[in-house]
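What follows is one structure encoded as structure tokens, with my remarks underneath.
Protein chains: 2
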Amino acid sequence: MAVHVLTLMAWADDESLKSEQVAESVNTNPVVIRRMLCELAESKLVVSQTGSTGGSKLARQPEQITLLDIYQAVESRGVFSLHRHPPNRHCPVGVNIGTVLNQVLDEVDSAVEGVLANITIKDVVSRLKPCVSTAVSKRKPAAKQPVLSARNY
Amino acid sequence: MAVHVLTLMAWADDESLKSEQVAESVNTNPVVIRRMLCELAESKLVVSQTGSTGGSKLARQPEQITLLDIYQAVESRGVFSLHRHPPNRHCPVGVNIGTVLNQVLDEVDSAVEGVLANITIKDVVSRLKPCVSTAVSKRKPAAKQPVLSARNY
DNA sequence: GACAACTGTAACTATATTGGTTACAGACGA
DNA sequence: TCGTCTGTAACCAATATAGTTACAGTTGTC
Numbered sequence: 098m099a100v101h102v103l104t105l106m107a108w109a110d111d112e113s114l115k116s117e118q119v120a121e122s123v124n125t126n127p128v129v130i131r132r133m134l135c136e137l138a139e140s141k142l143v144v145s146q147t148g149s150t151g152g153s154k155l156a157r158q159p160e161q162i163t164l165l166d167i168y169q170a171v172e173s174r175g176v177f178s179l180h181r182h183p184p185n186r187h188c189p190v191g192v193n194i195g196t197v198l199n200q201v202l203d204e205v206d207s208a209v210e211g212v213l214a215n216i217t218i219k220d221v222v223s224r225l226k227p228c229v230s231t232a233v234s235k236r237k238p239a240a241k242q243p244v245l246s247a248r249n250y
Numbered sequence: 098m099a100v101h102v103l104t105l106m107a108w109a110d111d112e113s114l115k116s117e118q119v120a121e122s123v124n125t126n127p128v129v130i131r132r133m134l135c136e137l138a139e140s141k142l143v144v145s146q147t148g149s150t151g152g153s154k155l156a157r158q159p160e161q162i163t164l165l166d167i168y169q170a171v172e173s174r175g176v177f178s179l180h181r182h183p184p185n186r187h188c189p190v191g192v193n194i195g196t197v198l199n200q201v202l203d204e205v206d207s208a209v210e211g212v213l214a215n216i217t218i219k220d221v222v223s224r225l226k227p228c229v230s231t232a233v234s235k236r237k238p239a240a241k242q243p244v245l246s247a248r249n250y
């Protein structure tokens, strides 16, 4: 969802978007979007403005925002985690398996981060464009649509 | 938990373990263990036997079981997933973001699988041994403990 | 200055997933 | 045939995430 949101904002260039517009594209509630935007703003990926002409837009160029930035902004845990309750401390395996598994989890997390660090929002937009031109309109093949006006929905 | 279970069995060599013994090391309920063992048995990683002298043990040598085998046996999904409800089909971003994100998720999953495929249960046991010898006993530095007898608990 | 349209945020509800528990049928060795 | 296991169903509990309602605070506009 977070990648979707930032992709929308890149698509909208420097125009700022309201949480309700974003929510319509993501197909969820505006509050869910605003919650996420707060997290993204804390990580300096978007800037938001309150008030009647408020809204949010990217804080940096799309090529300067990686999926790793987004992942770290909205996810607090790695992809795997250990037993929810600690194993038996009186078993030689149980007492030490966590140490070994944490090494493995670190390796996994590094691999994931390596992939995400090499993909930017600009890349996502680039990969999106061919889909859009074939999927949406044969009438205006090269024209960017007014993506987010409320009339579209 | 699954890695813990198979590590225990590797530690126990060819001795077959009862679900209750395993549950004690993992610190959970024997039924949770049996459920997991059924999944592992379907993937031919363990063999179990019913009856009064029953129990489970590894179906292959520890060096022939990778963490990827285990992951695929017990996890049905990749590490990330898409929006729980599909985005707006009338938005050019919403309608196609899933396609692009699925490519990314495939890249991430491949990276994770690459890491897991290169670690075997034997590796885990090897990494465990130094911990055990320092952590458990200075009396019997090189001796493997009777890990799983009920008396240990 | 009053109003309308936003964001930020709290509090609550809904849903899904996972783990834990109880119970019991069936397998199997002694 | 009895005791001790596994396999499995059914249910409960805990957790995490998404969705909802409500409202205070901000800001441009008239």
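Protein chains in written order, with this note's numbering: chain S, 98 to 250; chain G, 98 to 250.
All C-beta atoms in this analysis are idealised placements derived from N, C-alpha and C, irrespective of residue type, glycine included.
Could you please give the first and the last residue of the uninterrupted beta strand (DSSP E) stretch that includes residue i?
| i | result |
| --- | --- |
| L155(G) | 152 to 155 |
| V176(G) | Segment: none, V176(G) is in no beta strand (DSSP E) and carries neither H nor E. |
Span of the alpha helix (DSSP H) holding residue i?
| i | result |
| --- | --- |
| V100(G) | 99 to 108 |
| Q169(G) | 164 to 171 |
| S122(G) | 116 to 123 |
Looking at the structure shown, is residue i part of a helix, part of a strand, or coil, going by DSSP?
| i | result |
| --- | --- |
| L259(S) | What the structure shows of chain S is the stretch from 98 to 250, and residue 259(S) is not part of that stretch, so it cannot be assessed. |
| T196(G) | helix |
| Q242(G) | Reliability of the predicted coordinates at Q242(G) is poor, the pLDDT of 37 falling under 50, and the value obtained from them is presented with this limitation in mind. Correct three-state label for Q242(G): coil. |
| S113(G) | coil |
Under a CB-based cut-off of 7 Å, is residue i close to chain S?
| i | result |
| --- | --- |
| N185(G) | yes |
| L134(G) | no |
| E112(G) | no |
| S153(G) | no |
| V143(G) | no |
| V119(G) | no |
| E204(G) | yes |
Can you check whether the C-beta of residue i is within less than 7 Å of a C-beta belonging to chain G?
| i | result |
| --- | --- |
| I162(S) | no |
| T147(S) | no |
| T196(S) | yes |
| G191(S) | yes |
| S173(S) | no |
| R224(S) | yes |
| V123(S) | yes |
| A99(S) | no |
| V129(S) | no |
| T104(S) | yes |
| E257(S) | Look at the range of chain S in this structure, 98 to 250, and you will see that residue 257(S) is not part of it. |
| A239(S) | Because A239(S) carries a pLDDT of 32, less than 50, the predicted location of this residue cannot be relied on, and no value is offered for it. |
- [ ] Please determine if the stretch 204 to 214 of chain S and the stretch 141 to 150 of chain S are in contact, where contact requires at least 3 C-beta pairs separated by less than 8 Å.
- [x] At 8 Å Cβ cutoff, the stretches do not touch.
TODO: Determine, using beta-carbon pairs with one atom in the stretch 217 to 225 of chain S and one in the stretch 159 to 176 of chain S, whether at least three such pairs fall under 8 Å.
DONE: Per the Cβ contact rule, the stretch 217 to 225 of chain S is in contact with the stretch 159 to 176 of chain S (3 or more Cβ pairs under 8 Å).
TODO: Would you check if the stretch 180 to 191 of chain S and the stretch 113 to 128 of chain G touch, i.e. whether three or more CB-CB distances between them fall below 8 Å?
DONE: These segments touch.
- [ ] Answer yes if the stretch 129 to 138 of chain S comes into contact with the stretch 102 to 113 of chain S, meaning at least three C-beta pairs across the two stretches below 8 Å, and no otherwise.
- [x] Remark: three or more beta-carbon pairs, one from each stretch, lie closer than 8 Å, so the stretch 102 to 113 of chain S and the stretch 129 to 138 of chain S are flagged as touching.
- [ ] Answer yes if the stretch 168 to 181 of chain S comes into contact with the stretch 193 to 204 of chain G, meaning at least three C-beta pairs across the two stretches below 8 Å, and no otherwise.
- [x] Judged by Cβ distances under 8 Å, the stretch 193 to 204 of chain G makes no contact with the stretch 168 to 181 of chain S, as fewer than three pairs qualify.
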